[in-house]
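Numbering (our numbering), first residue to last: 774 to 878. Here is the structure we will look at.
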């Protein structure tokens, strides 16, 4: 079934004119137009609501992911702060260290 062309629309309008009469047809057209408008409005509202919910869910996922990545880093910093010697890396000496030798007296 393809799209409705001009000849099909003319046939449908002639049948509607015969069935409903010329006085009732404009009223039916207006009510059909209002119904289509309301349907389009409702579908647009639904679509925007769904897009908002999807965007909010993506933001929650992104926030949860960043928080889960931040927790191990915070734990590592807390561990380093608890062990002061382990957190400090030995610094290379620029000058050789002098070794004092005691001579037996």
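All residues carry an ideal CB built from backbone N, CA and C; glycine is no exception. None of these values were measured; they are calculated from a predicted model.
- Helix, strand or coil for residue 829, going by three-state DSSP, please let me know. Here residue 829 is taken as the residue at index 56 of the chain shown, counted from 1. Residue 829 falls in the helix class under three-state DSSP.
- Query: Between residue 800 and residue 832, what straight-line distance do the alpha-carbon atoms span, to the nearest angstrom?
  - Reply: Position 27 of the chain shown, counted from the start, is the residue given in the question as residue 800. Position 59 of the chain shown, counted from the start, is the residue given in the question as residue 832. Across the structure, residue 800 and residue 832 are spaced so that their CA atoms are roughly 48 Å apart.
- Task: Have a look at residue 860 and residue 852 and give me their C-alpha separation to the nearest angstrom.
- Result: Position 87 of the chain shown, counted from the start, is the residue given in the question as residue 860. Position 79 of the chain shown, counted from the start, is the residue given in the question as residue 852. Low confidence applies here, because residue 860 scores a pLDDT of 47, under 50, leaving its location unreliable; read the following figure in that light. Roughly 8 Å between the two C-alpha positions.
- Query: Quick one: Cα of residue 845 to Cα of residue 837, how far?
  - Reply: As a first step, residue 845 is located in the chain shown; it is residue number 72 there, counting from the start. As a first step, residue 837 is located in the chain shown; it is residue number 64 there, counting from the start. Taking the straight line from one Cα to the other gives about 13 Å.
- Task: Determine the extent of the alpha helix (DSSP H) in which residue 784 is found, giving its start and end residues.
- Result: Taking the first residue of the chain shown as position 1, residue 784 is located at position 11. Element bounds for residue 784: 779–793.
- Any heavy atom of the ligand MN within a distance shorter than 6 Å of the CB on residue 795? In the structure shown, the ligand MN is absent, as is every other ligand, since no ligand is present at all.
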